[in-house]
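The structure under discussion appears below in the form of structure tokens.
Protein chains in written order, with the numbering used here: chain S, 211 to 599; chain D, 211 to 599.
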């Protein structure tokens, strides 16, 4: 199996880029003196998580119980389920716990805490529970100063559950694009989570763990005093959104979609490829950023960008590749590019294979049942990926 | 298994709505005197296609060779692969053809036609090939008057391939929102495809089939003179994009995502649910339409809309449900809605189940390995769905 013979569309992982990204993050965490717990929701792939573990990661973070079940079956035992648990999911969590999985649950409200405590007591199990803290207002969690923190901790502690600590995720980091702003948000994330821990400790409640993280804040934090572990996910592949945020080069992006040219509309300068939104996902995360890459950046088979070509549109199994309109350039200035456009069927002929770098690696990966992991020597290995819940 | 005990998120099909949609389309096609070939890319589900066949559909349309293989294995033999074939996919098409599948291929350029003819002659197989016609400029195909049509037909015909006919898809119908505009586009689609057929026949080339269709144009065409068959896909479920286009009521949408409330941010009026973009997909198709539903319309467990609630934001496994800002209503007028927002944790408590109607059924369905088909008596059946290529 080689890139030339692989059926398209296919999700390619550049192994050396991936290992470089894993090493970069782990070295940073080691230097900051914290434990690192990668979020495996990005790849949902055993081989990727094994590479993260080999590099020094301790434990994993998951976004669904299916991930917890699959990774536990593959030998990962220390698992943080980092989405507030629905009470109806407790039987599945209980089954994992009883099977020996060191599963950590998350709550941000008293009702869920009550349900966990009731389930634990009924079945004689001591769940480890973390409390979600809101440090940037972007989603879930309790503000560090909110006494609901104490209410939840008491509900758990007084009923014999184990409080693992507090955790936060500054997901609004994806909306930033300067190093200075990322440094500030990373400090806000750290300080808020440490304050929440202190809030519990001041009330004589246990709070051993302080967990923070997102890929941009993890890479920009200047110090992590009071933090015990960091979580990040998308760094393992990176993507165009992360490039626009400013934390990677496009040459570090390890995921791309292999596609084949199937048609042209030469007057428009369009090349039609067999990767549409079913392959790329509908994620248009770069649309609101400084550089809009459409549905993805077009690269040659060797991974080098084809200057200026992006996927400007996508139907289910059709992608439209064309030269992006340069920022600030009106239609009247399109002459030179118009010449190139007429050449399109020669430059990108029927049957030619291209690689499209995605906006959002988590969303694009999810469209595929498997990855094709590509080594520097051209060897390709199939790595399967979980689907569903 | 009932809606109350089903794990979330889950993709629900309301069977009676689906059967109503299937009957509506089939009756319309019968009245217009054309054959109907549903596009099974929407559901990728054997049970759904069987219901379409039982209602009178003849043959199916697919968007990938995997669909062709899976449906052929399930007893469907008359299959149009409605994406221009990449030459590298011909071995898979050949294998299907040799196994007895009446597979129809599609081309819109001489290079692909040459590759099909070469493969057919080399292996002694007579492929049936359709030529794609562009009637609205939205994607692939050859203009009806373009002599490339004749070049392709000669390449196929002179090398012993079977020309099945011409086909077109007026996908720009998704951008319209008035009945009059849809009637006009349906006529443009019909007339353009019939002209392309005439172009071939005038050159003494065979063109038995004339295939047109998209859900909106199929439902609005006033007559289909010269057309032999119609294709449509999303009508089987409908969705919010189709509702905005004007071809269905929200009460006809057969697909929804079952989700559970897992948190609140009461000051903001937010309810957090366990269906994020991984469940809904990243499709924001209603964003550019008259009524933006965010990531979906929020309904109660019985399928009735919760007035004014939409999913305003989505992370991978978190959805944010809130009252939509009414069109034209500024923040200063938000008082009454503000009161409701403070009530949110009471109105939509932790553990409550909701159903979210999606923007785009094809994209949302693709996120799930299976559907849960719901009968009027509350019985639930699992229908599996294909994933990948």
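No residue lacks a Cβ here, since even glycine has one placed at the ideal position from N, Cα and C. Predicted model only: the values in this text are computed from it and were never measured.
Name, please, each residue of chain D whose Cβ falls closer than 8 Å to the Cβ of residue i.
i: residue 525(S); result: 349 and 381
By Cβ distance below 6 Å, which residues in the same chain neighbour residue i in space, the five residues on each side in sequence not counted?
i: residue 416(S); result: 373
i: residue 407(D); result: 376, 417 and 420
i: residue 499(S); result: 454
i: residue 380(S); result: 345, 346, 395, 399, 424 and 427
i: residue 506(D); result: 490, 521, 566, 567 and 568
i: residue 358(D); result: 352
i: residue 262(D); result: 232 and 248
i: residue 560(D); result: 471
i: residue 570(S); result: 449, 451, 493 and 495
i: residue 348(S); result: 381 and 382
i: residue 361(D); result: 320
i: residue 458(D); result: 448 and 452
What residue does the beta strand (DSSP E) around residue i start on, and which one ends it?
i: residue 306(D); result: No beta strand (DSSP E) contains residue 306(D), which is instead part of the alpha helix (DSSP H) from 300 to 308.
i: residue 411(S); result: First-last for residue 411(S): 389 to 412, but that is the alpha helix (DSSP H), not the beta strand (DSSP E).
i: residue 522(D); result: 515 to 524
i: residue 599(S); result: Counting along the chain, residue 599(S) falls outside any beta strand (DSSP E), and DSSP gives it neither H nor E.
i: residue 223(S); result: 220 to 224
List the residues of chain D that residue i touches, going by C-beta distances under 7 Å, in chain order.
i: residue 599(S); result: 217 and 219
i: residue 582(S); result: In chain order: nothing, as chain D lies at least about 12 Å away.
i: residue 473(S); result: 294, 318, 319 and 350
i: residue 427(S); result: Within 7 Å Cβ-Cβ: nothing; residue 427(S) doesn't reach chain D, min ~16 Å.
i: residue 491(S); result: 492
i: residue 394(S); result: Near residue 394(S) there are no residues of chain D at all, since even the closest Cβ is about 22 Å away, more than 7 Å.
i: residue 579(S); result: 597 and 598
My guess is that residue i and residue j are in contact by the Cβ rule of under 8 Å, so how many angstroms apart are they, rounded?
i: residue 252(D); j: residue 455(D); result: With a Cβ gap of about 15 Å, residue 252(D) and residue 455(D) do not count as contacting.
i: residue 593(D); j: residue 255(D); result: 5 Å
i: residue 481(S); j: residue 471(S); result: 6 Å
i: residue 300(D); j: residue 278(D); result: Going by Cβ atoms, the distance from residue 300(D) to residue 278(D) rounds to 13 Å, so no, they are not a contact pair.
i: residue 225(S); j: residue 245(S); result: Not a contact, Cβ separation roughly 25 Å.
i: residue 497(S); j: residue 227(S); result: That pair is no contact at about 25 Å.
i: residue 476(D); j: residue 554(D); result: 6 Å
i: residue 595(S); j: residue 575(S); result: 7 Å
i: residue 216(D); j: residue 597(D); result: That belief does not hold up - the Cβ atoms of residue 216(D) and residue 597(D) are roughly 20 Å apart, past 8 Å.
i: residue 325(D); j: residue 297(D); result: 4 Å
i: residue 599(D); j: residue 274(D); result: 5 Å
i: residue 331(S); j: residue 370(S); result: 7 Å
i: residue 533(D); j: residue 518(D); result: 5 Å
Output, in chain order, the set of chain S residues within a Cβ distance shorter than 8 Å of residue i.
i: residue 174(D); result: Any answer about residue 174(D) is impossible in this case: the structure gives chain D only from 211 up to 599.
i: residue 482(D); result: 294, 349 and 350
i: residue 615(D); result: Residue 615(D) falls outside the range modelled here, since chain D spans only 211 to 599, and no answer is possible.
Quick one: what's got a C-beta closer than 7 Å to residue i's C-beta in the same chain, skipping five residues either side?
i: residue 388(S); result: 456
i: residue 363(S); result: 341, 373, 410 and 415
i: residue 304(S); result: 329, 333 and 335
i: residue 527(S); result: 484, 486 and 488
List the endpoints of the continuous alpha helix (DSSP H) containing residue i.
i: residue 426(D); result: 425 to 430
i: residue 490(D); result: 487 to 490
i: residue 619(S); result: It is not possible to answer for residue 619(S), since the shown part of chain S is limited to 211 through 599.
i: residue 361(D); result: 358 to 367
i: residue 377(D); result: No alpha helix (DSSP H) contains residue 377(D), which is instead part of the beta strand (DSSP E) from 372 to 378.
i: residue 329(D); result: 320 to 333
i: residue 386(D); result: It is not in any alpha helix (DSSP H) - residue 386(D) carries neither H nor E in the DSSP assignment.
Strictly below 9 Å CB to CB, what residues from chain A border residue i?
i: residue 225(S); result: Given the protein chain composition of this structure (S and D), no chain A is represented.
Could you list which residues in chain S have their beta carbon closer than 9 Å to that of residue i, in chain order?
i: residue 488(D); result: 251, 273, 274, 572, 573, 576 and 599
i: residue 354(D); result: Chain S residues near residue 354(D): none, gap ~15 Å exceeds 9 Å.
Spatial neighbours of residue i within its chain, please: CB distance less than 8 Å, with the 5 preceding and 5 following residues excluded, ordered by chain position.
i: residue 443(S); result: 248, 249, 250, 251, 252, 271, 425 and 572
i: residue 309(S); result: 282
i: residue 316(D); result: 290, 291, 292, 293, 294, 295, 339, 340, 341, 342 and 377
i: residue 469(D); result: 218, 219, 483, 484, 485, 489, 529, 563, 564, 565 and 566
i: residue 588(D); result: 212 and 213
i: residue 548(S); result: Confidence at residue 548(S) is low in this model, with a pLDDT of 47, below 50, so the placement of that residue should be treated as unreliable; the coordinate-derived value is given next. Here the set comprises 479.
Residue i touches chain S at which residues, Cβ-Cβ below 7 Å?
i: residue 528(D); result: 293, 349 and 350
Residues of chain D with CB closer than 9 Å to the CB of residue i, please, in chain order.
i: residue 470(S); result: 296, 297, 298 and 299
Let me know the alpha helix (DSSP H) ranges lying completely inside the segment 235 to 272 of chain D, each 4 residues or longer, listed in chain order. 256 to 264
Alpha helix (DSSP H) segments (min. 4 residues) lying fully within the segment 555 to 599 of chain D: 571 to 575
Can you give, in chain order, each stretch of the beta strand (DSSP E) that sits fully within the segment 458 to 498 of chain S and has at least 3 residues? As far as the segment 458 to 498 of chain S is concerned, its whole beta strand (DSSP E) runs of at least 3 residues are 465 to 475 and 480 to 483.
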